[in-house]
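Each residue of the sequence shown is one higher than the one before, starting from 7 at the first, in this note's numbering.
All residues carry an ideal CB built from backbone N, CA and C; glycine is no exception.
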Amino acid sequence: MVVQNGKEEEIPPTFIQKPQIRQEDDGNKLVFECRLDACPRPDIAWFKGERQIYDDRRTSIRVTETATNRYYVALELDDVFETDAGLYRVTARNLQGEVSASINLNFTPPHTWSRDVLIFFIPSGKFDVSRSCRSDWFQNGYKTVIKHFFFKRWSASQIKAELNEVHGDSASSL
C-alpha cells in the first residue's frame with residue numbers, strides 16, 4: 007500500500023497480466039484470467055461481443071485480492087460449446103480510471119478423414135449375423151460415423167463386414 011500525506015494513494019486499474027485462456031476438465035471448462043493493480047478495488051465487467059456476461063449456471067465471475075491493491079480476475083465458462091467462440095473483453099473501472107483488454111476464443115475444427123468403403127473380416131464365432139444391431143464405433147475415445155454397414159457370411163469361419171461412408175476426426179481410425 008502506498009500512503010502519501012496519511013492517505014492511501016489511489017491507482018487507476020492497470021493490467022499486470024492481460025487476459026489468457028486456461029482449460030480445465032479436459033476442455034469442458036475454460037477460465038479467462040488476468041491480473042491487475044488498482045485502488046480502490048475496481049468494478050469488473052466481462053463481455054462477449056457487446057453483450058455483458060453475468061453469473062449464471064454456466065458462467066462465474068471472480069475477483070480476488072491477492073495482495074494489497076493487486077487482483078486476480080477470472081471468467082469461468084462451464085460446458086463449453088463451439089457457439090461460445092468469439093471476442094471476449096474484460097473492463098476494470100474505479101474512480102481513477104478504466105482499462106479494457108480483449109481475447110479471442112477460436113475453435114479449430116478437427117482434421118477429418120473419410121473412406122467410401124472399408125472392408126474387414128470378423129471370426130464368425132464372435133458375431134451373430136442373424137440379429138439386427140445398432141453400433142457406435144469408437145477409436146481412442148472419438149466416435150467414428152458410419153452411414154451404412156453390412157455383414158455377410160464369407161465362409162464357415164469368417165464374416166465380411168462392409169462399412170460405407172465412414173468418417174472420423176484426426177484422432178480416430180479403424
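For residue 88, the three-state secondary structure derived from DSSP is helix.
Per the coordinates, the alpha-carbon of residue 34 lies some 12 angstroms from the alpha-carbon of residue 65. Between residue 38 and residue 80, the C-beta gap is smaller than 8 angstroms, which places the two residues in contact.
Your pair residue 19 and residue 103 checks out as a contact, with CB atoms roughly 6 angstroms apart and the cut at 8 angstroms. A straight-line Cα-Cα distance of about 32 angstroms links residue 71 and residue 89.
CA-to-CA, the gap between residue 82 and residue 67 works out to about 6 angstroms. Here residue 42 is buried. Its C-beta has 16 or more other C-beta atoms within 10 Å. Excluding its 5 nearest sequence neighbours in each direction, residue 109 has C-beta neighbours in its own chain below 6 angstroms: 25, 94, listed in chain order. With fewer than 16 other Cβ atoms inside 10 Å of its own Cβ, residue 101 counts as exposed. Beta-carbon to beta-carbon, residue 98 and residue 48 are separated by about 4 angstroms, close enough to satisfy the 8 angstroms threshold. Residue 65: member of the beta strand (DSSP E) spanning 65 to 73, first to last residue. By alpha-carbon distance to residue 57, the top candidate from 105, 96, 15, 14 is 96. When the five nearest sequence neighbours on each side are left out, the beta carbons in the same chain lying within less than 8 angstroms of the beta carbon of residue 55 are those of 92, 93, in order along the chain.
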